[in-house]
Structures are given as structure tokens and as C-alpha cells.
Amino acid sequence: MMKNLKYLLFGTIFGLILYKAEVISWFRIQEMFHFQSFHMYGVIGGAVVTGMISVMIIKKKNIKTIDGEEIKIVPKKFTKGVMIGGVMFGIGWAFTGACPGPLYALVGAGYWSIGIALLSAILGVYLYGIVKNKLPH
Amino acid sequence: MIEFLSQPWPWYVAGPLIGLLIPLLLIVGNKPFGVSSTLRDICAATLPKVTDYFKYNWKEKTWNLLFVTGIALGGLLGSTVFKNPEPIAISTETKSDLNQLGIQNFEGYVPSDLFAWENIGFSSLVLLIGGGLLIGFGTRYADGCTSGHSIFGLSILNWVSLVATIGFFIGGLLASWIILPLILG
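Line order of the protein sequences matches chains A and B. All the letters of the first sequence, read from the start, carry residue numbers 0 to 136 under numbering that gives the first Met the number 0. All the letters of the second sequence, read from the start, carry residue numbers 0 to 184 under numbering that gives the first Met the number 0.
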């Protein structure tokens, strides 16, 4: 538990960034899908570019973890679900104005009705787990 | 510093800071950045394990459950100590588009016309419950969300994550331009 406690701190920083940059705003998400501001594209694009450069440096310099382990990066595999599930996810994203990170952040920020969306998302995963083997993958 | 903490952060501050979480998580604990798998962990930890999908040792994901608890704490910190000025400065075009959907109040982070307790009606529930179900089901079917695919996946140059991100946007555009006006109109 103690060794995991640092992740609570990292999560708090992430949540605060999401709040301060208004990424968790329903209005910002509608604005993004209407292409009426660069803001959200800048946030996501800025994160991707920074992440990309970081991963490149880690690979090139063969940087290890602080415990001296080899860093393992496992790419996700393609299934039909990536497309079908992706579109479903996108609809939910525009409906609630939030993806999973912001759902947690909004509930933390006291937007209690968003808790309905978070509980529904957990239920959605549960339903997926039940019907998973019947779906095209 | 106080000035900085009481103002909204521009994209060129927030974007790179979020991106730095990727090497931070990798170097500190060899962990991939991604939020939505915690929804599965919560199922595995709290609900009956009806299928194999939930039969795994979710305790190994304690780190990520703490991470998302932190996200909620970050939201709490933001909304109390480091509050942003409101209403958010969204574009006037977006405002007039949303006005047409009956949204008048732009205070706060979610439209109180839809999501304040006293205003919750049928269409609000469609958005919250329907949207939540689609997020949960969709993100596990697609094996990732905005963080795991659009940020981490694209950062490691995985084409699968590009496909997922395009899917997210097709769904979002469909909902924002066509389905939302149908529900709220």
C-alpha cells in the first residue's frame, strides 16, 4: 500500500490539471466536437507530442525504471472492437461531456449528478464482460 | 504563482504536463498511463464475478485505483482551493449552438439546465445513463479510452490507437451534431 501511495499523488496532479485546463467541462467538449476552438486539440496534441518525445528518449537512451527494471511498453492489439467500441465510446463522450478521467474528476469536484454517469459506465463495463464472447472481435 | 493557480491553464501548459505523466509512470513504476481499465477493476472488486472477464487479481491494479482516486481529489482541490473564474470562456459560436438546444446557463463545468438535480428530466437521464453505459461498454470493447489510446497509445506510435481515436471522434461528431439536437431539440 505504501509503495502505491505515490500514485494517489500523481492522480491528484492529473485531476488538478484536468480541472485547471477546463478539460472536464461539458462545454469544452461540445466546442471541440464543433471545431470552434483549438483549446482541446492543443491539450490532447500537446500531451501526445510530449509523451512521444519522452518515449523516444526512453527507448533511445535505454532508460530503466528507478528500480533498475527494463521499461516495458505493450501496444494494444487490433480487434473489430477498437472501431465499434470506439464509436460507442465517442457518443458517450459527447453525451456526458466527459471520458473516464474527467468522470472521476467531476464527481470529485462536486458535480454529483455525474455520479450517475460514472455508475452507468461501471455497469456498462459489467454488461460488456457478460456479452463479450458473443461480440465480434 | 498565486496568479497562475487562480487562472485557467492554457493548452500549452496543460498538454505537456499531461504528457509528462507518461514517462513519470513508466520510470517510477513501469506502469502504462490509462484510466478506463479501472472501471473493470471496480467491477471485479465489487460485483459478482459472473464471467471470466472479471476473474483476475484486481488487487494488482491497486496502484491505478489509487491513481483515479487521486483524479477525484484533484477535482476536489480544483473546485475548492484552486478555483477557476467562471463561466468558462468558450467560443460565442458554441454558445449560440448550445442556446438553440435550450442551454442558457454557462456557469460551472456542466450545464445546470441539464445536470443540476432540480433540472434532471428524461433527456438528462438519457445523456447520463445512456452516455455512461456507452462509455463503459465502448471503452472496454475498444480496449482503452482517451488516456490509454489517444494519449498513451498515440505516444507509443501504435496505429491501433489511431483507429480508436478516429472512432472516438466519429462517435463524438455523430452525437454532438445529430443525436444531441434530436434528444434536446
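Glycine included, C-beta positions come from ideal geometry on N, C-alpha and C.
(request) Quick one: measure Cβ to Cβ for B/Asn83 and B/Pro7, integer angstroms, because I've assumed they're closer than 8 Å. (result) 5 Å
Bridge partners for A/Glu69 per DSSP, in chain order?
A/Lys63
What does B/Tyr11 reach in chain A if we use C-beta pairs closer than 8 Å? Gly41 and Gly45
Is A/Pro101 helix, strand or coil when you go by DSSP?
-> helix
Exercise for review: Say whether chain A places a C-beta atom closer than 8 Å to the C-beta of B/Pro84.
Suggested key: no
Mind checking the segment 34–49 of chain B against chain A and listing, in chain order, the residues whose C-beta falls within less than 8 Å of any C-beta there? Val34, Ser35, Thr37, Leu38, Arg39, Ile41, Cys42, Leu46 and Val49
Open item on the list: Please list the terminal residues of the continuous alpha helix (DSSP H) segment that includes B/Asp51.
Closed with: Segment: none, B/Asp51 is in no alpha helix (DSSP H) and carries neither H nor E.
Inset, instruction - Apply the 10 Å Cβ neighbour rule to B/Gln99 and answer buried if 16 or more other Cβ atoms are within range, or exposed otherwise. - result: exposed
Checklist entry - If you draw a straight line from the alpha carbon of B/Tyr140 to that of B/Glu2, how long is it in whole angstroms? => result Spanning the two alpha carbons is a distance of roughly 43 Å.
Fill in: Backbone CA spacing between B/Phe136 and A/Phe88 [nearest angstrom]
7 Å
Item to complete: Give the residues of chain B in contact with A/Lys5, contact being defined as C-beta atoms less than 9 Å apart.
Response: Val27, Gly28, Trp62 and Leu65
Would you say B/Gly129 faces chain A, with C-beta separation under 8 Å as the test? yes
Same chain, Cβ closer than 7 Å to B/Thr164, five either side skipped, listed in chain order: His148, Ser149 and Leu153
Look at the alpha carbon of B/Pro180 and the alpha carbon of B/Leu126, and state the distance between them as a whole number of angstroms.
12 Å
**Prompt:** In terms of alpha-carbon separation, which member of B/Ser146, B/Phe53 and B/Gly171 lies closest to A/Gly50?
**Reply:** B/Ser146
Interface positions of the segment 69–83 of chain A facing chain B (Cβ-Cβ less than 8 Å), listed along the chain
Ile70, Lys71, Ile72, Val73, Pro74, Lys75, Lys76, Phe77, Thr78, Gly80, Val81, Met82 and Ile83
| query | Where does B/Asn118 fall in DSSP's three states? | reply | The three-state reading of DSSP puts B/Asn118 in helix, counting H, G and I together.
Give the list of continuous alpha helix (DSSP H) stretches no shorter than 4 residues that lie fully inside the segment 78–142 of chain B.
You should have 91–98, 111–114, 121–124 and 130–140.
Open item on the list: Please give the ranges of any alpha helix (DSSP H) in the segment 71–130 of chain A, keeping only runs that are unbroken, at least 4 residues long and fully inside the region.
Closed with: 79–95, 99–107 and 113–130
Span separating the alpha-carbon of B/Ile128 from that of A/Val124: In a straight line, the C-alpha of B/Ile128 is about 13 Å away from that of A/Val124.
**Item:** Backbone CA spacing between B/Ala43 and A/Ile129 [nearest angstrom]
**Value:** 12 Å
Using the beta-carbon count (16 or more within 10 Å), is B/Gln103 buried or exposed? B/Gln103 comes out exposed.
* Asked: Is DSSP giving A/Glu21 helix, strand or coil here?
  -> coil
Can you tell me whether A/Lys19 is buried or exposed? The criterion is at least 16 other CB atoms within 10 Å of its CB, across all chains shown. Classification of A/Lys19: buried, given that the 10 Å Cβ count is 16 or more.
ask   = Would the segment 69–83 of chain B and the segment 95–114 of chain A be scored as touching if the rule is three or more Cβ pairs under 8 Å?
value = yes
| request: Using a Cβ-Cβ cut-off of less than 8 Å, give me the residues of the segment 166–182 of chain B that come near chain A, in sequence order. | output: Gly166, Phe167, Phe168, Ile169, Gly170, Gly171, Leu172, Leu173, Ala174, Ser175, Trp176, Ile178 and Leu179
If we count the other Cβ atoms within 10 Å of its Cβ and call it buried at 16 or more, is A/Phe13 buried or exposed? buried
Check: Can you tell which of B/Ile169, B/Leu183 and B/Phe81 has the C-alpha that lies nearest to the C-alpha of B/Gly0?
Finding: It is Met, not Gly, that sits at residue 0 of chain B in the sequence shown. Closest by alpha carbon: B/Phe81.
Between B/Leu189 and A/Lys71, what straight-line distance do the alpha-carbon atoms span, to the nearest angstrom?
For chain B, the structure presents residues 0 to 184; residue 189 of chain B sits outside this window and is missing.
Rounded C-alpha distance that separates B/Ile155 from A/Val48: 10 Å
Check your understanding: Three-state secondary structure (DSSP) at B/Trp158?
Key -> helix
Exercise. By how many angstroms is the C-alpha of A/Gly10 removed from the C-alpha of B/Leu24?
Worked result: 10 Å
Could you pull out every residue in the same chain whose Cβ sits closer than 8 Å to the Cβ of B/Thr138, ignoring the five residues on either side in sequence? Ser35, Leu38 and Cys144
| Under a three-way DSSP split, which group does B/Gln6 fall into? | coil
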